[in-house]
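Beneath this line is the structure, given in C-alpha coordinates, with notes to follow.
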Amino acid sequence: MASKALKTTSLSEMKDKYIGKTGTYEREEYEYKLRMDVLGKMIKTARQERHLTQEELGKLIGVQKAQISKLESSANSATIDTIIKVFKALKAEIHFNVKMEDNFVKLA
0 MASKALKTTS LSEMKDKYIG KTGTYEREEY EYKLRMDVLG KMIKTARQER HLTQEELGKL
60 IGVQKAQISK LESSANSATI DTIIKVFKAL KAEIHFNVKM EDNFVKLA
(Lines of atoms letter the chains of each structure in order from A and count residues from 1; the text may use other names and numbers.)
(Lines give C-alpha, C1' and ligand atoms only; values in the text may rest on other atoms or scores of the structure.)
Protein backbone atom coordinates (compact mmCIF):
# COMPACT_ATOMS: atom_id res chain seq x y z
CA MET A 1 0.00 0.00 0.00
CA ALA A 2 1.55 3.27 -1.09
CA SER A 3 1.68 6.09 1.40
CA LYS A 4 0.64 9.57 0.41
CA ALA A 5 3.23 12.29 0.68
CA LEU A 6 2.20 15.11 2.95
CA LYS A 7 2.21 18.56 1.45
CA THR A 8 3.85 21.13 3.68
CA THR A 9 2.72 24.72 3.68
CA SER A 10 4.63 27.62 5.18
CA LEU A 11 3.08 30.08 7.59
CA SER A 12 3.51 32.80 4.98
CA GLU A 13 1.62 30.74 2.41
CA MET A 14 -1.20 30.14 4.89
CA LYS A 15 -1.41 33.87 5.65
CA ASP A 16 -1.50 34.63 1.93
CA LYS A 17 -4.33 32.16 1.42
CA TYR A 18 -6.51 32.92 4.44
CA ILE A 19 -5.71 36.55 5.35
CA GLY A 20 -4.48 38.12 2.13
CA LYS A 21 -1.28 38.69 0.22
CA THR A 22 1.42 40.96 1.65
CA GLY A 23 0.57 44.56 0.83
CA THR A 24 -3.20 44.11 0.86
CA TYR A 25 -5.28 46.06 3.36
CA GLU A 26 -6.41 42.89 5.13
CA ARG A 27 -2.86 41.58 5.55
CA GLU A 28 -1.48 44.92 6.71
CA GLU A 29 -4.28 45.27 9.26
CA TYR A 30 -3.64 41.72 10.52
CA GLU A 31 0.12 42.31 10.83
CA TYR A 32 -0.45 45.63 12.64
CA LYS A 33 -2.83 44.07 15.18
CA LEU A 34 -0.41 41.21 15.71
CA ARG A 35 2.48 43.62 16.43
CA MET A 36 0.32 45.61 18.84
CA ASP A 37 -0.73 42.44 20.64
CA VAL A 38 2.93 41.41 21.02
CA LEU A 39 3.83 44.89 22.27
CA GLY A 40 1.07 44.71 24.89
CA LYS A 41 2.32 41.32 26.07
CA MET A 42 5.87 42.71 26.30
CA ILE A 43 4.66 45.59 28.48
CA LYS A 44 2.81 43.19 30.78
CA THR A 45 5.76 40.82 31.07
CA ALA A 46 8.22 43.64 31.81
CA ARG A 47 5.85 45.10 34.42
CA GLN A 48 5.42 41.75 36.14
CA GLU A 49 9.17 41.08 36.11
CA ARG A 50 9.62 44.39 37.96
CA HIS A 51 6.93 43.38 40.46
CA LEU A 52 4.74 46.38 39.67
CA THR A 53 0.96 46.47 39.62
CA GLN A 54 -0.85 48.18 36.77
CA GLU A 55 -1.75 50.96 39.20
CA GLU A 56 1.89 51.46 40.25
CA LEU A 57 3.07 51.61 36.64
CA GLY A 58 0.27 54.05 35.84
CA LYS A 59 1.38 56.35 38.65
CA LEU A 60 4.98 56.26 37.37
CA ILE A 61 3.92 57.63 33.98
CA GLY A 62 0.90 59.69 35.02
CA VAL A 63 -1.99 57.60 33.71
CA GLN A 64 -4.80 55.59 35.27
CA LYS A 65 -4.64 51.83 35.88
CA ALA A 66 -7.26 51.41 33.14
CA GLN A 67 -4.86 52.85 30.54
CA ILE A 68 -2.18 50.31 31.51
CA SER A 69 -4.77 47.53 31.29
CA LYS A 70 -5.74 48.68 27.77
CA LEU A 71 -2.07 48.84 26.75
CA GLU A 72 -1.45 45.31 27.94
CA SER A 73 -4.53 43.87 26.27
CA SER A 74 -3.85 45.65 22.97
CA ALA A 75 -1.47 48.56 22.48
CA ASN A 76 -3.12 49.73 19.25
CA SER A 77 -4.77 52.74 20.90
CA ALA A 78 -1.59 53.99 22.57
CA THR A 79 0.50 56.90 21.40
CA ILE A 80 4.20 56.40 20.79
CA ASP A 81 4.85 58.89 23.58
CA THR A 82 2.92 56.74 26.07
CA ILE A 83 4.69 53.57 24.96
CA ILE A 84 8.09 55.25 25.36
CA LYS A 85 7.12 56.49 28.86
CA VAL A 86 6.03 52.97 29.84
CA PHE A 87 9.29 51.36 28.76
CA LYS A 88 11.36 54.11 30.41
CA ALA A 89 9.45 53.60 33.66
CA LEU A 90 10.12 49.86 33.33
CA LYS A 91 13.82 50.60 32.69
CA ALA A 92 13.59 48.76 29.38
CA GLU A 93 15.12 49.79 26.06
CA ILE A 94 12.86 50.27 23.10
CA HIS A 95 13.89 50.67 19.47
CA PHE A 96 11.71 51.61 16.52
CA ASN A 97 12.46 50.67 12.95
CA VAL A 98 10.85 52.82 10.31
CA LYS A 99 10.85 51.85 6.65
CA MET A 100 10.28 54.68 4.22
CA GLU A 101 10.01 53.76 0.54
CA ASP A 102 13.30 52.01 -0.35
CA ASN A 103 15.33 53.44 2.55
CA PHE A 104 15.61 51.93 5.99
CA VAL A 105 15.88 54.30 8.94
CA LYS A 106 16.58 53.03 12.45
CA LEU A 107 15.46 55.17 15.37
CA ALA A 108 16.88 54.49 18.82
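Quick note: the sequence shown, position 27, residue 26 per numbering that gives the first Met the number 0, numbers continuous. All residues carry an ideal CB built from backbone N, CA and C; glycine is no exception.
Go to residue i, then tell me how far its alpha helix (DSSP H) extends in each direction, as first and last residue.
i: R26; result: Y24 to E48
i: T81; result: I79 to A88
i: K3; result: From DSSP, K3 is part of no alpha helix (DSSP H); its letter is neither H nor E.
i: K69; result: K64 to S72
i: E12; result: L10 to Y17
Between the C-alpha atoms of residue i and residue j, what's the straight-line distance to the nearest angstrom?
i: K40; j: T8; result: 28 Å
i: L38; j: S73; result: 8 Å
i: L33; j: S2; result: 38 Å
i: G22; j: S76; result: 22 Å
i: A91; j: E55; result: 16 Å
i: Y17; j: L89; result: 37 Å
i: E12; j: E25; result: 15 Å
Classify residue i: buried if its beta carbon has 16 or more other beta carbons within 10 angstroms, exposed otherwise.
i: A4; result: exposed
i: L79; result: In the sequence as presented, Leu is not what sits at residue 79; that position holds Ile. Flag for I79 reads exposed.
i: E71; result: buried
i: R46; result: buried
When you compare the region 47-64 with the region 78-86, are there three or more beta-carbon pairs, one atom per stretch, that lie closer than 8 Å?
yes
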